[in-house]
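So for the sequence shown, this note's numbering puts the first residue at 29; every next one is plus one. Backbone N, C-alpha and C define an ideal beta-carbon position, used for all residues, glycine too. Read the structure below first, then the notes.
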Amino acid sequence: MSAKITARPVPGAPPRPRHLSPGGTLLAALLGFGLITLDATVVTVALPAIGDRLGGGMAGLQWVVDGYTLPFAALMLSTGAFADRAGATRAFALGVALFTLASAACGAAPTLPVLLAARVVQGVGAAVVLPASLALVRGAYPDPARRARAVALWAAGGSVAVALGPVAGGALTTFWDWRALFLLNLPVGALVLLLLRRAPAATRRPAPVDLPGQLLAVLALTALTFAVIERGGTGLLALALAAAAFAAFLLVESRHPHPAVPLTLFRDRTAATAVAAGAACSVAFYGAVFVFALFFQRVQGHSALYAGLMFLPMTGLISAVNLLSGRLAGRLGPRPPMLAGQLLAVAGLLLLLLVGADTPGGLLALALVPLALGCALTIPPLTAAMMDAVPAERAGLAAGVLNSARQVAGGLGIAGIGSLVAGGGTGGTTTGADFTSGLHTGLLAAAALLALTAAATWRLPRRRAAHREAGVVSGSA
Numbered sequence: 029m030s031a032k033i034t035a036r037p038v039p040g041a042p043p044r045p046r047h048l049s050p051g052g053t054l055l056a057a058l059l060g061f062g063l064i065t066l067d068a069t070v071v072t073v074a075l076p077a078i079g080d081r082l083g084g085g086m087a088g089l090q091w092v093v094d095g096y097t098l099p100f101a102a103l104m105l106s107t108g109a110f111a112d113r114a115g116a117t118r119a120f121a122l123g124v125a126l127f128t129l130a131s132a133a134c135g136a137a138p139t140l141p142v143l144l145a146a147r148v149v150q151g152v153g154a155a156v157v158l159p160a161s162l163a164l165v166r167g168a169y170p171d172p173a174r175r176a177r178a179v180a181l182w183a184a185g186g187s188v189a190v191a192l193g194p195v196a197g198g199a200l201t202t203f204w205d206w207r208a209l210f211l212l213n214l215p216v217g218a219l220v221l222l223l224l225r226r227a228p229a230a231t232r233r234p235a236p237v238d239l240p241g242q243l244l245a246v247l248a249l250t251a252l253t254f255a256v257i258e259r260g261g262t263g264l265l266a267l268a269l270a271a272a273a274f275a276a277f278l279l280v281e282s283r284h285p286h287p288a289v290p291l292t293l294f295r296d297r298t299a300a301t302a303v304a305a306g307a308a309c310s311v312a313f314y315g316a317v318f319v320f321a322l323f324f325q326r327v328q329g330h331s332a333l334y335a336g337l338m339f340l341p342m343t344g345l346i347s348a349v350n351l352l353s354g355r356l357a358g359r360l361g362p363r364p365p366m367l368a369g370q371l372l373a374v375a376g377l378l379l380l381l382l383v384g385a386d387t388p389g390g391l392l393a394l395a396l397v398p399l400a401l402g403c404a405l406t407i408p409p410l411t412a413a414m415m416d417a418v419p420a421e422r423a424g425l426a427a428g429v430l431n432s433a434r435q436v437a438g439g440l441g442i443a444g445i446g447s448l449v450a451g452g453g454t455g456g457t458t459t460g461a462d463f464t465s466g467l468h469t470g471l472l473a474a475a476a477l478l479a480l481t482a483a484a485t486w487r488l489p490r491r492r493a494a495h496r497e498a499g500v501v502s503g504s505a
């Protein structure tokens, strides 16, 4: 008969660390993803308050948004590979820490240049957080069915953050100060980092990084955005630099053994159409949110809280429509809901052409709904179509290209429509008829772009898309 030996803790030894449960890991990933998604929209309704305090005119307000969006979008081409090399847990912690510190700098910024620099660092942190948070969720749930549900919850968290952004931004700006938008990131970031102390270390895998392509992409996108926002001679120089950097980028990507953006990806018509349609939706959606946040306050004279509440009907339905669209794509294939969503978004943009300075706010809030519903109906099926068009081993890379393209397009949409609204003025405070004229021109341009991608969608082959988990990654409008 053998005696059962029970291990006892050694006196004075530190307790064994308890690993974070899968649910705790999902919570940390969801909070981190929610933070970076919220920051893309929460600042929009606070832009007039920021402009009044720090100056900068319309161009400065555009850079407050695009200073975050551009590095976020461009660096996502490589941060997925970085998360694989460093391990998802370590990369996620680094991204959250960087984002949190930059948020503190944003909240304390004494001048507009300091705020813009801190927003760029925020964007860098966000670019690391997004792919690492998804990798963290995937690693915490080895069972495919539970993993699919966890990833769906992760994506839904992003949709909720998009919906809450304008309302939260308006409330905080009205009852406290625009700096609160950034300072409230600090306790949430600290909580995420505290949770990660108990998270198991993720596996580190070799992943090549296309550094020349990544640097050229950042240069080309920054120069192009500068050219759209800043007019005159400097804008033309920036446009020439963007063209040269883009040409060099295409050359590097065609020769690099592991390109950040494989150009062969766009030889597939479905993949190319999915990227174009996703970009067009982002131009329309984020451009509209940016310009109508200013319209409610600068033209109609309402408060930031009022402006935020006016976006609630538009953003509140996004999550539900995302889920409906995903189910429709599973039953009918991606093409029908993609096409219906883009046509609905075009109709929504044309409806907004009726908007004037005296349009009642409640009526305008309802008029924004078709645009949001159209984009929300389009994104999940186009993601599924993209995933179905590429081999399984390239699904992560394709998702990164799609997400990056959408983010870049959103930044360019803000830059383009904002410049049209500025109407060539130097003060950046255009109001009344000039503002409305620029607004209508921007809406028409976005509608034309979506009409072109809808025509390309119509020409796609009628086929069902296989259900893939990656299809929920880009689920929010």
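Excluding residues up to 5 positions away in sequence, Leu372, Ala373, Ala375, Gly376 and Leu379 lie with their Cβ nearer than 8 Å to the Cβ of Pro398 in the same chain. With fewer than 16 neighbouring CB atoms inside 10 Å of its own CB, Leu391 falls in the exposed class. Sequence-distant partners of Ala168 (beyond 5 residues in either direction) whose C-beta falls short of 6 Å from its own C-beta, in its chain, are Pro50 and Thr53. Between Met104 and Ala155, the CB-CB gap stays under 7 Å. In this structure, the beta-carbon distance from Gly151 to Gly315 does not fall below 7 Å. Cβ-Cβ distances below 6 Å link Pro240 to Val280 in the same chain, with the five nearest sequence neighbours on each side left out; the list follows chain order. In its chain, beyond the 5 residues on either side, Ala308, Val311 and Ala312 have a beta carbon closer than 8 Å to the beta carbon of Leu477. Between the stretch 363–371 and the stretch 327–337, the count of Cβ pairs shorter than 8 Å is below three; the stretches do not touch.
By the Cβ neighbour-count rule, Arg295 is exposed, with fewer than 16 other Cβ atoms within 10 Å of its own.
If one requires a minimum length of 4 residues, the alpha helix (DSSP H) runs lying completely within the stretch 173–261 are 208–211, 213–224 and 239–257, in chain order. Inclusion of Val157 and Gly115 in the CB contact set at 7 Å is not warranted, their separation being larger than that value. Within a 10 Å sphere around the beta-carbon of Pro489 sit fewer than 16 other beta-carbons, which makes this residue exposed.
Note on Thr139: under 16 other CB atoms within 10 angstroms of its CB, so exposed under the neighbour-count rule.
For Leu63, the enclosing alpha helix (DSSP H) begins and ends at Pro50 to Thr69. For Tyr314, the enclosing alpha helix (DSSP H) covers residues Arg297 to Leu322.
By the neighbour-count criterion, in which 16 or more other beta carbons inside 10 Å mark a residue as buried, Ser106 falls on the buried side. Proximity to Gly428 across Met415, Gly439 and Gly438 peaks at Met415, based on C-alpha coordinates.
Counting C-beta pairs closer than 8 Å gives three or more between the stretch 404–412 and the stretch 338–358, which meets the contact rule. Per the Cβ contact rule, the stretch 175–195 is not in contact with the stretch 126–138 (fewer than 3 Cβ pairs under 8 Å). Rounded to the nearest whole angstrom, the C-alpha separation of Pro408 and Ala348 is 12 Å. When only Cα atoms are considered, Val165 and Ala443 end up about 34 Å apart.
The three-state secondary structure of Leu488, taken from DSSP, is coil.
Within the same chain, Val374 come within 6 Å of Ala479 by CB-CB distance, once the 5 residues on both sides are set aside. Separation of the CB atoms of Leu143 and Leu82 is rounded to 6 Å, and the pair is thereby assigned contact status at 8 Å. Of the residues assessed, Gly329 falls on the exposed side of the cut-off, its CB having fewer than 16 other CB atoms within 10 angstroms.
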